[in-house]
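Take the sequence shown: its letter number 173 is residue 173 in the UniProt record's numbering, and every next letter is one higher. For every residue, glycine included, the Cβ atom is placed at its ideal position computed from N, Cα and C. All values derive from a computational prediction rather than experimental measurement. Down below is the structure, laid out as structure tokens.
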Amino acid sequence: MNQSDNSTPEQNNSGTTSRRQFIQASALAATSFFIVPRHVLGGKGFIAPSDKLNIAGVGFGGKGFSDTNNSYNNGANNIVALCDVDWGLPRVKENFTKHPNAKRYKDFREMLDKEGKAIDAVTVSTADHTHAVVAMAAMQRGKHVYVQKPLTHNIYEARALTEAARKYKVVTQMGNQGSSNPQQKQMVEWFDKGLLGTVHTVNLWTNRPVWPQGIPVPAAVDQIPVDLDWDLWLGPAQKVGYTPAYHPFKWRGWWNFGAGALGDIGCHIMDTPFRVLGLGYPTEVETSVGQVFIKDWTPEYIPEGCPPSSHVELKFPATSKNKSVVKMIWEDGGIRPFRPEMLPEGEPMPENGENGVLIHGDKGLLICGMYGEDPKLYTKDGKKIVGDPKPKPADGSKPLPENGHQVLWTEACKAGFNSKEHKALTSSFDFAGPLTESVLMGNLAIRSYNVRAPKADGKGFTYPGRKQLTWDGKNMKITNFDEANQFVKREYRQGWSLNA
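Given below as structure tokens:
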């Protein structure tokens, strides 16, 4: 794979060769052929085949459809292989039609083995429980990877992928596209200028889950769709029978596959405060969750499923950017924070209250939407600062979809590991890994909340995990409740491994 820009300082912007090049080429012509680069012959706007990234897409029946096609960028790159375990999904069929020359696979391992030499980069947009095994297999073969949020299903996997990206020297990006929103930079600048002062509290909330959650475990059905390879879909997860209550979308509410509301939206909403404040690993976490009653006076106990709603509090230590401990409060399932005092009357909450971010400093209040959009800063002395609108391309073309998040990754892949384009990415695994670990720390607390033991008299249960948990981020360990550490990592089904 060649670099994205084969021009040199001796080549002018119109694509013609310079005088010096012409003289050098003329001298060479007496003994050899003068070979003109393809991009020169093609003229303005031409992209030589050698300048295109060869991309394979794994999982494109849902969000992966836009991930692959945004990376394809209207033909600026090639889609050389497509892999999905369910060829019956409408978007899978549409993508097969859109890219008729792409090789088709159901098993990503077979795809990588057979097409590896033709692949430069891989997009991974499967269900959460297979993100890590697909991405790791690609990175071990030297392939750059774009992985949907959350980066992984559990904390151990996130750390493993972060370290692997450095080990194998590949260009990475997580699919939290709001991180490429230029308005994020404005909020960082506001904080760095001291307009917020010292931040002490952050509120995050979402209307998710918008799928069935907190319900009893569904029963398997007898008939598996003919186009679906259910065993491959399960991947490293524990084996259970097929039901449409899991696939293609509702898997998010089950720990065997998904990561609940936090996994779905946490990497979007937590991105802004994580970036603005320069946060790292949290040190403490505590939670409470909503209950479901089907029988009078008897709450349902469904440890296999994510709760209908949750309240999570994370504590982050002071940093060089922010001299105070930060309490981050997450709420989902329709629960949201009350209107802050510093928000003037008549000013709306972000996204009409459905999703949003409130960052409370001792000098001001910063608010924005899920993807860092529509930022506003309200100062204690009554000033209101509104973020600039997203800039439009200077050439008058349409803005790139999703803030150019996938396109920027492809250009960084062409430029190579540790290039300036790579370093400019907003969610490479060096950033996305710790962010994902913090998001998944909330899920560790939620699952610990459900750990129970029978009382000595046999009447009821105790719940020893319903307390503030302390976290050793460096060693990935809860230090005051050992049973919680079972949720740091999962046991893979036989035949599957991460091979970090």
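Pick from the options: whose alpha carbon is nearest that of residue i?
i, options, result
"Glu313", "Glu286, Arg336, Lys321 and Lys474", "Glu286"
"Tyr246", "Lys93, His129, Lys376 and Gln494", "His129"
"Gln494", "Val199, Gln238 and Gln183", "Gln238"
"Thr243", "Ile265, Gly263 and Ala220", "Ala220"
"Val240", "Lys185, Ile265, Val199 and Glu304", "Glu304"
"Trp471", "Gly369, Phe316 and Gly214", "Phe316"
"Thr436", "Pro282, Pro375 and Lys423", "Pro282"
For residue i, I'd like the list of residues in its chain whose CB is within less than 8 angstroms of its CB, leaving aside the five on either flank, ordered along the chain.
i, result
"Val226", "Gly88"
"Gly278", "Thr319, Ser320, Lys321 and Asn322"
"Pro212", "Ala245, Lys250 and Gly253"
"Asp120", "Met1, Leu53, Asn54, Ile55, Lys143, His144 and Cys413"
"Ser32", "Residue placement at Ser32 is poorly supported in this model, since its pLDDT is 40, which falls under 50; the coordinates still yield a value, given next. So the list is empty, once near-sequence residues are dropped."
In chain order, what residues of the same chain have a beta carbon less than 6 angstroms from the beta carbon of residue i, not counting five sequence neighbours either side?
i, result
"Gly433", "Ala158 and Thr162"
"Lys149", "Met174, Gly175, Asn176 and Cys267"
"Val85", "Lys106, Asp229, Leu232 and Trp233"
"Thr172", "Val145, Ala165, Ser428 and Phe429"
"Val92", "Gly61 and Asp84"
"Glu331", "Trp205 and His311"
"residue 565", "Residue 565 is absent from the model: the chain starts at 1 and stops at 500."
"Asn499", "none"
"Glu347", "none"
"Asn403", "Gln177, Ser180 and Asn181"
When the Cα atoms are used, what is the spatial distance from residue i to residue j?
i, j, result
"Arg208", "Ala261", "5 angstroms"
"Phe96", "Trp255", "31 angstroms"
"Val202", "Ile359", "5 angstroms"
"Ala259", "Trp251", "9 angstroms"
"Gly372", "Asn181", "7 angstroms"
"Ile478", "Ile155", "12 angstroms"
"Phe431", "Phe417", "15 angstroms"
"Phe274", "Asp296", "42 angstroms"
"Gly178", "Lys474", "27 angstroms"
"Gly458", "Arg452", "13 angstroms"
"Val407", "Arg141", "22 angstroms"
"Ala127", "Asp271", "21 angstroms"
"Lys384", "Phe293", "45 angstroms"
"Glu341", "Leu365", "9 angstroms"
"Lys380", "Lys363", "6 angstroms"
"Lys392", "Pro399", "6 angstroms"
"Ala160", "Asn485", "16 angstroms"
"Gly465", "Asn450", "7 angstroms"
"Met111", "Met370", "35 angstroms"
"Leu151", "Ala81", "22 angstroms"
"Ile215", "Glu345", "39 angstroms"
Label residue i either buried or exposed according to how many other C-beta atoms from any shown protein chain fall within 10 Å of its C-beta, with 16 as the threshold for buried.
i, result
"Glu411", "buried"
"Glu421", "buried"
"Tyr463", "exposed"
"Gln223", "exposed"
"Ser397", "exposed"
"Ala456", "exposed"
"Asp388", "exposed"
"Phe22", "At Phe22 the pLDDT is 33, less than 50, meaning the model places this residue with poor confidence and gives no usable figure here."
"Val170", "buried"
"Lys193", "exposed"
"Arg109", "exposed"
"Tyr301", "exposed"
"Asn480", "exposed"
"Phe65", "buried"
"Gly59", "buried"
Identify every residue that forms a DSSP beta bridge with residue i.
i, result
"Cys368", "Val357"
"Thr172", "Val145"
"Tyr105", "Cys83"
"Leu196", "The partner list for Leu196 (beta bridge, DSSP) is empty, contrary to what the question assumes."
"Asn181", "None, per the DSSP bridge assignment."
"Ala56", "Ala81 and Val122"
"Phe316", "Val326"
"Thr298", "Lys295"
"Glu331", "Trp205 and His311"
"Ser288", "His311"
Between residue i and the rest of its own chain, which residues show a CB-CB distance below 7 angstroms, the 5 nearest in sequence each way excluded?
i, result
"Ile79", "Ile55, Gly57, Thr68, Tyr72, His99 and Ala102"
"Ala318", "Ser324 and Val325"
"Lys489", "Asn154 and Tyr156"
"Ser497", "none"
"Phe257", "Ala127, Asp128, His129, Ala237, Tyr246 and Trp251"
"Val36", "With a pLDDT of only 39 at Val36, under 50, the local geometry of the prediction cannot be trusted, and no value is derived from it."
"Gly197", "Gly361, Asp362, Lys363 and Gly364"
"Leu425", "Gln173, Leu408, Trp409 and Ala412"
"residue 531", "The structure shown does not extend to residue 531, since the chain is modelled only from 1 to 500, so the question has no answer here."
"Gly353", "Arg336"
"Ala445", "Val285, Glu286, Thr287, Val312 and Leu469"
Below 6 angstroms, is the gap between the Cβ of residue i and the nearest heavy atom of the ligand NAP?
i, result
"Lys398", "The ligand content of the structure shown is nil, which means the ligand NAP is not present either."
I'd like to know if residue i contacts chain B, where contact means its C-beta is closer than 7 angstroms to some C-beta of that chain.
i, result
"Gly57", "Chain labels in this structure do not include chain B; a single protein chain is all it has."
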